[in-house]
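Everything on this sheet refers to the single structure shown next.
Residue numbers (our numbering): 68 to 351.
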């Protein structure tokens, strides 16, 4: 089946989709993005992703490329054109095309690009994964979902080369911030679910926010605070969360098994609750 992309007002064949060489996203990483997953034709947590897109654009002082209601319509049209019922849609907005200059251009129209992909969501949700740890070398505004992802690229590549699924980034004080493309969680020995609080230090994952709401509704005690790598090694359970991974158990961090080295009951419970959320009222 033919696959289309959306580029600045036009649906074009994916293989021929392109932007100008002086697009500021290409030259300066002057842009933001979102990834919204699709399950059985439903856009999961769509409002949360568009709210975060709006925040990222505001933080970088980039205008919306179109009205929000129009963007929602365009997303659905692209998914329908490409026949995607299970997978994801990628949205990227940059400041636009202008002669190369570090300063903002006086007049530039934002670039909007969208692509889709069929994908199996949460492929390791029931089997679990291994993660490694790396120093966190990113800039200090990680709350903005910027297209400037080189540190994450290097971290994800190191994880792959070491036979791991993900890399947890650790700050200078020895506390875990988050994964290269996911948020980090542990269940402590005394039964507290812990994840780092939303701040400039992490990206406030939309899936993360949904999990916190689910945990509260199910009476799970949770704490939003930094946790150390040593605390993670001693945890009863650990897992990661993201739009594409949902809730994925972590069986091993570096060379240390977590708990008994198998997916734990809380992780399984939260995964099932999130799947239910993604299949019904949580998807719009």
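Using N, Cα and C, we set each Cβ at its ideal position, and we do this for glycine too. Owing to the predicted nature of the structure, the values given are computational and were not obtained by experimental measurement.
Asked	Found
Just tell me which of 112, 171 and 245 has its CA closest to the CA of residue 347.	112
Relative to the alpha-carbon of residue 247, which residue among 286, 339 and 205 has its alpha-carbon at the smallest distance?	205
So for residue 269, helix, strand or coil by DSSP?	coil
Could you say which of 289, 315 and 69 lies nearest to residue 258 if we only look at CA atoms?	289
How far does the alpha helix (DSSP H) with residue 250 in it extend, from its first residue to its last?	Here residue 250 belongs to no alpha helix (DSSP H); instead the beta strand (DSSP E) covers 250-254.
Considering only residues of the region 125-193, which uninterrupted beta strand (DSSP E) runs meet the minimum length of 3 residues and lie entirely inside it, listed in chain order?	154-161 and 178-185
Under 8 Å, do residue 200 and residue 237 count as touching if we go by C-beta distance?	yes
Is residue 123 helix, strand or coil by DSSP?	helix
Cβ atoms of residue 245 and residue 279: under 8 Å apart, would you say?	no
If you measure from the CB of residue 202, is any heavy atom of the ligand HEM nearer than 7 Å?	The ligand HEM is not among the ligands present in this structure, which contains no ligands whatsoever.
Does the separation of the CB atoms of residue 160 and residue 183 fall below 8 Å?	no
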